[in-house]
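Numbering follows our numbering, with no gaps: position 302 of the sequence shown is 347. For glycine and all other residues, C-beta sits at the position ideal for the given N, C-alpha and C. None of these values were measured; they are calculated from a predicted model. Structure first, commentary second.
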Amino acid sequence: MAAITQSIGLFGVTGEVGRAFFDGLEAQPAFVGRLRLFASAASSEETRVFRDKPIAVEVVEELASDRFDDLSEAILAVPADVADELAAELLQAGVRVWDATGHLRAHPRAVALTEATSSDLLIVCDDPLTALCQPVLDVLAAHAPLTELAITALSSVSLRGKAGVKELAAQTGNLLNGRGIEPSVWPQQIAFNVLLADGQRDSSGRTARERRIEKALSHLAAAVTVEQIVMPLFFGAMVQLRWHSSATMPNDLSERLASLAHTQVMPAQASELPSPVSDGADHDGVSIARVNLADRRGSLWIVADPIRAGLVRPVLNVLMNVP
């Protein structure tokens, strides 16, 4: 890969998604351009060390009108209430915007990450769970069309960023010490609990995110259902895929899945199976376990960090290769 010399702005660097992108950029040997870091006033006077050099975190509200003129790329890992205005300023300055949180998917100029070209200036990233499942499902569908697909995602509180992580930590400490709790980020207690949905449900009991994932994967199976459950885990996720295919899957399916980039498949008799703690946090690899085939039905588990493996790595793979 040729050296990447463009100037990149990372917005929301102090949040969970921003932190993951910061680590991902640091690990990209091809990136030798300038990196600017941005956050809200709450993070003023903070710094981050990037390749042994300190970089001051800039407060967006305090910058001059020509503040973005030197940027060529901008990664937005910011809340919905500021994403639209910030994107408008960046696009006006001729900066290509990478929306990491999906807040701008309805923007008239938005293009999906999987369809991005060098001429596109507003690229909206795929849902991390979609990005985790897509390569695996492509392998399955290449051998036999899927007639039914059911996905159950056991997700961590990092779905809600730093606020979600802090609330789980605070609730855990308060409950262990006999103090009361007041849920704010989550609709009810998350510590020592399991939430059967992440967000409001429609008349059929589905959340907006579940519907989006179902739509994104609808080309792979005649019937797709997605359920997302929130676990009292800080990071990582476990996703079970269950399918019914029109023909029997090959016996060497595990070997074919193991050929996917950044993917390891655990042997059926492995003494230790992957978990969100050991394999699903702070790295961009994917672990697949418990691959079961029975006639035309099958199932498997995916364990990964959805932010790093399902968002940061796919985005940087495209960003580093788009002229």
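Inset, instruction - Can you give me the Cβ contacts of residue 349 inside the same chain, cut-off strictly under 6 Å, excluding the 5 residues immediately before and after it? - result: 177, 325, 331
Legend entry - Contacts around residue 320, its chain only, beta-carbon distance under 7 Å, and the 5 residues preceding and following it disregarded: 348
Inset, instruction - State whether the stretch 51-59 contacts the stretch 120-133, with contact taken as three or more CB pairs (one from each stretch) at a distance under 8 Å. - result: Output reads yes: the stretch 120-133 touches the stretch 51-59.
Legend entry - Contact belief for residue 220 with residue 235 at Cβ below 8 Å, rounded distance in angstroms: So it is not a contact: roughly 11 Å between Cβ atoms.
Legend entry - Per-residue burial, residue 175 [other beta carbons within 10 Å of its own, 16 or more giving buried]: buried
Inset, instruction - To the nearest angstrom, report how far apart residue 309 and residue 359 are at their CA atoms. - result: 17 Å
Inset, instruction - Output the boundary residues of the beta strand (DSSP E) element that contains residue 331. - result: 331-339
Legend entry - Member of 72, 107, 73 whose CA lies at the smallest distance from the CA of residue 86: 107
Inset, instruction - Please classify residue 327: does DSSP put it in a helix, a strand, or coil? - result: In the three-state scheme derived from DSSP, where H, G and I count as helix and E and B as strand, residue 327 is classed as coil.
Inset, instruction - Could you say which of 202, 82, 111 lies nearest to residue 100 if we only look at CA atoms? - result: 82
Legend entry - Supposed close pair residue 147, residue 353 - CB separation, criterion 8 Å: That pair is no contact at about 17 Å.
Legend entry - Pairwise C-alpha distance: residue 276 and residue 200: 6 Å
Legend entry - One or two residues paired with residue 231 in a DSSP bridge: Its beta-bridge partners do not exist; DSSP assigns none.
Inset, instruction - Measure from the alpha carbon of residue 337 to the alpha carbon of each residue in 298, 135, 362, 186, then state which is nearest. - result: With distances taken between CA atoms, residue 337 lies nearest to 298 out of 298, 135, 362, 186.
Legend entry - For residue 112 and residue 102, believed in contact at Cβ under 8 Å, the rounded distance: Actually they do not touch by this definition, with Cβ atoms about 14 Å apart.
Legend entry - Alpha carbon of residue 134 to alpha carbon of residue 53, nearest angstrom: 15 Å
Inset, instruction - Report the option in 363, 271, 71 whose CA atom is closest to the CA atom of residue 198. - result: Of the candidates 363, 271, 71, the one whose C-alpha sits nearest the C-alpha of residue 198 is 271.
Legend entry - Segment limits, beta strand (DSSP E) that includes residue 137: Unbroken run through residue 137 is the alpha helix (DSSP H), 125-137; no beta strand (DSSP E).
Legend entry - Distance between residue 312 and residue 253 (C-alpha atoms, nearest Å): Just so you know, the alpha carbons of residue 253 and residue 312 end up roughly 36 Å apart.
Legend entry - For residue 368, the three-state DSSP class (helix, strand or coil): coil
Inset, instruction - Just confirm the distance between the C-beta atoms of residue 341 and residue 289, as a whole number of angstroms; I'd bet it's less than 8 Å. - result: 6 Å
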